Amino acid sequence: MNILILGGGGREHALAWAVLRNPRCDRLIVAPGNAGIARIAECARIDMCDGSAVVGLVETENVDFVIVGPEAPLAAGVSDRLRDAGVAVLGPSAAAARLEASKSFAKEICAACDAPTARAATFDSAAAALAHLEAEGAPIVVKADGLAAGKGVTVAETVPEARAAIEAIFADGGPAAVVLEEKMTGEEASLFVLCDGQTALAIGTAQDHKRIGEGDTGPNTGGMGAYSPAPVLTPETERRAMEEIVRPTLAEMARRGTPFSGILYAGLMIENGAPRLVEYNVRLGDPEAQALMVRLGGQVLDLMLACAEGRLAGERVEWADDHAICVVMAARGYPGEYATGEVIGGLDALPETSREIVFHAGTAERDGRIVSAGGRVLGPTARGATLAEARERAYALVDGIDWPGGDFRRDIGWRALGGS
Numbered sequence: 308m309n310i311l312i313l314g315g316g317g318r319e320h321a322l323a324w325a326v327l328r329n330p331r332c333d334r335l336i337v338a339p340g341n342a343g344i345a346r347i348a349e350c351a352r353i354d355m356c357d358g359s360a361v362v363g364l365v366e367t368e369n370v371d372f373v374i375v376g377p378e379a380p381l382a383a384g385v386s387d388r389l390r391d392a393g394v395a396v397l398g399p400s401a402a403a404a405r406l407e408a409s410k411s412f413a414k415e416i417c418a419a420c421d422a423p424t425a426r427a428a429t430f431d432s433a434a435a436a437l438a439h440l441e442a443e444g445a446p447i448v449v450k451a452d453g454l455a456a457g458k459g460v461t462v463a464e465t466v467p468e469a470r471a472a473i474e475a476i477f478a479d480g481g482p483a484a485v486v487l488e489e490k491m492t493g494e495e496a497s498l499f500v501l502c503d504g505q506t507a508l509a510i511g512t513a514q515d516h517k518r519i520g521e522g523d524t525g526p527n528t529g530g531m532g533a534y535s536p537a538p539v540l541t542p543e544t545e546r547r548a549m550e551e552i553v554r555p556t557l558a559e560m561a562r563r564g565t566p567f568s569g570i571l572y573a574g575l576m577i578e579n580g581a582p583r584l585v586e587y588n589v590r591l592g593d594p595e596a597q598a599l600m601v602r603l604g605g606q607v608l609d610l611m612l613a614c615a616e617g618r619l620a621g622e623r624v625e626w627a628d629d630h631a632i633c634v635v636m637a638a639r640g641y642p643g644e645y646a647t648g649e650v651i652g653g654l655d656a657l658p659e660t661s662r663e664i665v666f667h668a669g670t671a672e673r674d675g676r677i678v679s680a681g682g683r684v685l686g687p688t689a690r691g692a693t694l695a696e697a698r699e700r701a702y703a704l705v706d707g708i709d710w711p712g713g714d715f716r717r718d719i720g721w722r723a724l725g726g727s
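Going by our numbering, the sequence shown opens with residue 308, and the numbers climb by one from there.
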């Protein structure tokens, strides 16, 4: 098969690495890709949110299957254009992608199907939101009602902090609405599910580290590291999440005439074994994908193709009894202002095996050297028989990278490893 992956981050590098481990993949193209992806696959410089350009590339290169990595092309309707052209694609329609593109829509769906989630209210003006804030007080969670690359959420402990978040969202022509919701307590984890419109198949769990600083301090980011599996998502808790949240949501989407086909990522808050929905995403997380892909390996292509073709019933995931961890190395200053173009050394001397690899996110190649080209830049990732072993291997990769301008957390996995 000729396969196209849309995207150019760490998630897409991990997807490319896994897909290439399946013998069904004859040729792999990634658009736009990055410097690490370019070393294992062809890269195409097109606008991945331009449906006409994507369909044109598919036709020119005789692509058989398209995997959409990030959320922006899904919200732009690229998967719809591909399906209209008769191309197999992994990714929901734009209508179904509203589960991520609109926080208020996701809340509406939860209310309609009685899926447990936080109490929330949506406001289309700063004045109305601020009035609600004054009445409710803090702590409170402030969410931009739109795509924000994982950084549109503020967990405000004080009213002034919440007020500043609301004003920032409505400033400079930002999203047209804001969602204010109660702050839930418990431990957060992620459940990833393949859905073909009828059948739902869980393909793994993970825990992300959203805050920039160790001990989960500082502002939210797109993710500073992740590990899989998530111990807090026990088999019973996962079963409850599927039966109480995921399957009712899918049934409600189908009832509305917008069946969901693709990857549904349920961010969950777990307290006393009971899951509540934090939010939905409609694609793999980043950096959760890096940890998941090294555990799933080449079988992920078969599972994703079965999903796209509506034949998930009867499929199953073959798990190794292991753990994986990804540590994100970011440019100093991220998620604020940061420098790019910094030379990164030491990568060629590091091992690249089925158990340890450095995934690239925001990188480019200049004069034969790898340079930083984004906020989150690298994702050293490793597997081990235990999470402790996986973390030791991942940080050995981190320590072998020569990049003085790179920042990272030393405590990825701390919840599962007893705070160490």
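Quick reminder that beta carbons are idealized off the backbone N, C-alpha and C, glycines included. Given the structure is predicted, the values throughout are model-derived calculations rather than measurements.
Residues near residue i by beta carbon distance below 6 Å, same chain, minus five either side
i           : result
residue 571 : 500 and 502
residue 558 : none
residue 320 : 343, 344, 666 and 667
residue 709 : 652 and 653
residue 620 : 506
residue 509 : 500
residue 723 : 538 and 694
Contact check, residue i vs residue j, beta carbons under 8 Å
i           : j           : result
residue 701 : residue 633 : yes
residue 712 : residue 646 : yes
residue 577 : residue 496 : yes
residue 322 : residue 589 : no
residue 675 : residue 593 : no
residue 452 : residue 490 : no
residue 518 : residue 525 : yes
residue 583 : residue 575 : yes
residue 684 : residue 648 : no
residue 635 : residue 532 : yes
residue 429 : residue 484 : yes
Proximity test, Cβ basis, 8 Å: residue i and chain D
i           : result
residue 440 : Judged by its chain identifiers, the structure shown contains no chain D, having just a single protein chain.
Residue i, buried or exposed, once every other Cβ within 10 Å from all chains shown has been counted against 16
i           : result
residue 697 : buried
residue 318 : buried
residue 400 : buried
residue 359 : exposed
residue 369 : exposed
residue 602 : buried
residue 405 : buried
residue 515 : buried
residue 316 : buried
residue 366 : exposed
residue 464 : exposed
residue 478 : exposed
residue 615 : buried
8 Å Cβ shell around residue i - same chain, five flanking residues per side excluded
i           : result
residue 717 : 521 and 702
residue 617 : 503, 504, 505 and 568
residue 662 : 601, 689, 690, 691 and 700
Cβ shell of residue i (< 7 Å), same chain only, five flanking positions each side left out
i           : result
residue 427 : 414, 486, 487 and 488
residue 474 : 433
residue 492 : 578
residue 682 : 637, 638, 641, 642, 645 and 669
residue 332 : 308, 310, 326 and 608
Through-space distance from residue j to residue i, alpha-carbon basis
i           : j           : result
residue 720 : residue 637 : 17 Å
residue 725 : residue 565 : 43 Å
residue 641 : residue 686 : 15 Å
residue 334 : residue 506 : 29 Å
residue 449 : residue 385 : 29 Å
residue 628 : residue 692 : 7 Å
residue 750 : residue 328 : Lying outside 308 to 727, the shown extent of the chain, residue 750 is not represented and no answer is given.
residue 379 : residue 470 : 28 Å
residue 362 : residue 443 : 48 Å
residue 424 : residue 476 : 23 Å
residue 598 : residue 439 : 40 Å
residue 545 : residue 650 : 43 Å
residue 422 : residue 547 : 11 Å
residue 336 : residue 351 : 7 Å
residue 673 : residue 340 : 15 Å
residue 376 : residue 694 : 26 Å
residue 392 : residue 372 : 12 Å
residue 407 : residue 560 : 13 Å
residue 527 : residue 540 : 23 Å
residue 416 : residue 707 : 47 Å
residue 397 : residue 354 : 18 Å
residue 555 : residue 562 : 10 Å
residue 313 : residue 659 : 23 Å
residue 356 : residue 715 : 30 Å
residue 595 : residue 437 : 34 Å
residue 447 : residue 403 : 28 Å
residue 605 : residue 330 : 8 Å
* Asked: Would the segment 526-543 and the segment 431-449 be scored as touching if the rule is three or more Cβ pairs under 8 Å?
  -> In this structure the segment 526-543 does not touch the segment 431-449; the number of beta carbon pairs closer than 8 Å is below three.
* **Stretch pair the segment 599-611 + the segment 620-631: three plus CB contacts closer than 8 Å** => Yes, the segment 599-611 touches the segment 620-631.
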